[in-house]
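Visitor:
Numbering (my numbering), first residue to last: 13 to 78.
1. Quick one: grab the DSSP three-state call for residue 47.
2. Going by DSSP in three states, residue 65 sits in which element: helix, strand or coil?
3. So, helix, strand or coil for residue 58, using DSSP?
4. Give me, in chain order, the residues of the same chain whose beta-carbon lies closer than 6 Å to that of residue 22; leave out the 5 immediate sequence neighbours on both sides.
5. With DSSP as the reference, label residue 13 as helix, strand or coil.
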């Protein structure tokens, strides 16, 4: 356990901890926002369409070279 010699040290550490807590809160907000974006149906549709188009292109190339 840290031993403090003045109130200034205590206030400094408390301010540091408060800032660290605020940073952690903001990071959680970013993670939440990214997760919400990931769950949106538009993103799923886009991903599925990309996969289908890649598969379709591969099938066309296969047919051309047969």
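Just so it is clear, CB atoms sit at the ideal spot from N, CA and C, and this is done for glycine as well.
Guide: Reading from the atomic positions:
1. Residue 47 falls in the helix class under three-state DSSP.
2. Helix, per DSSP.
3. The three-state reading of DSSP puts residue 58 in helix, counting H, G and I together.
4. Excluding residues within five positions, the ones whose Cβ falls inside 6 Å are 16.
5. Here residue 13 sits in coil by DSSP.
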